[in-house]
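Student: Under the working numbering, the very last position in the sequence shown is 214; numbers go up by exactly one each time. Each residue gets a CB set at the ideal place from its N, CA and C atoms; glycine is no exception.
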Amino acid sequence: FASSISRSVKPMCSWNGHALPITDLFCSQSGGGINGHVWSASMDHTCKVWSILNNTVLKSISFPAYLSAIVADPEEKCLYAGGGDGKIYIAYIKTLASSITGDGLTYGLDSSSSNGAGGNSREKRHTLVGHNGRINCLAMAIGGSVLISGGQDGVIILWDVASRLSTKRLSFHDGPVTAVVGQSFDLA
27 FASSISRSVK PMCSWNGHAL PITDLFCSQS GGGINGHVWS ASMDHTCKVW
77 SILNNTVLKS ISFPAYLSAI VADPEEKCLY AGGGDGKIYI AYIKTLASSI
127 TGDGLTYGLD SSSSNGAGGN SREKRHTLVG HNGRINCLAM AIGGSVLISG
177 GQDGVIILWD VASRLSTKRL SFHDGPVTAV VGQSFDLA
């Protein structure tokens with residue numbers, strides 16, 4: 027019975043385009059359903075944004091390290107990419123339309139932000155530094171004001187998104203943190 031079901035199920039979308047394995051996926055909340063986006067992180071140092079509707083890659087963003095975790099803020103204005111080097115790279119997104127036409131998605135990085143890591147003038151970024159080793163997981167707290175990171179170093183860090191500062195550092199156990207979930211947090 028199970029084998030007959032698996033043969034009849036066909037994927038809605040199937041993407042390829044990364045040169046090395048994908049390490050994380052983030053499904054956007056904006057646009058919802060078929061108008062949404064899927065973000066993929068890879069060992070090839072890139073994050074790709076995919077259109078579910080058009081089944082195409084909309085944008086590829088390069089980073090100085092391989093990526094192990096990604097998340098975007100609720101409005102998709104800011105991408106947080108956790109690197110294998112222990113840094114969290116922040117890419118400011120200019121426009122990511124929720125309504126996609128055949129060829130018409132405008133997507134870019136905010137050129138008014140200060141340069142934190144590599145890239146040309148259109149790809150300026152900040153970085154968050156606080157982990158010793160690979161960033162394993164990222165999540166946004168409800169409302170998007172707090173970024174939560176978990177690392178290979180066994181530490182969970184709560185970051186204030188507005189100030190880009192670490193507000194809490196949690197170390198409860200030995201071993202890596204492999205998953206975090208966004209909740210509502212009071213940083214006071």
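Whole-angstrom Cβ separation of G180 and D200, contact assumed at under 8 Å?
Tutor: At roughly 6 Å, the Cβ-Cβ gap stays under 8 Å, so G180 and D200 are in contact.
Student: Out of curiosity, what's the CA-to-CA distance linking G208 and M166?
Tutor: Looking at the two C-alpha atoms, the distance is approximately 5 Å.
Student: According to DSSP, what are the bridge partners of S66?
Tutor: L51, K74, per the DSSP bridge assignment.
Student: Is the separation between the beta-carbon of S192 and that of I183 shorter than 7 Å?
Tutor: Yes, Cβ-Cβ distance for S192 and I183 is below 7 Å.
Student: Which residue marks the beginning of the beta strand (DSSP E) containing D186, and which one marks its end?
Tutor: From DSSP, the beta strand (DSSP E) with D186 extends over 182-186.
Student: Within a Cβ cutoff of 7 Å, which residues of the same chain sit near V97, ignoring the five residues on either side of it in sequence?
Tutor: Excluding residues within five positions, the ones whose Cβ falls inside 7 Å are F52, Y106, L164, A165, M166.
Student: Quick check on R195: does DSSP put it in helix, strand or coil?
Tutor: In this structure, R195 counts as strand in the three-state DSSP scheme.
Student: Figure out for me which residue from N81, S94, T49 has the closest Cα to the Cα of P37.
Tutor: Considering only alpha carbons, the answer is N81.
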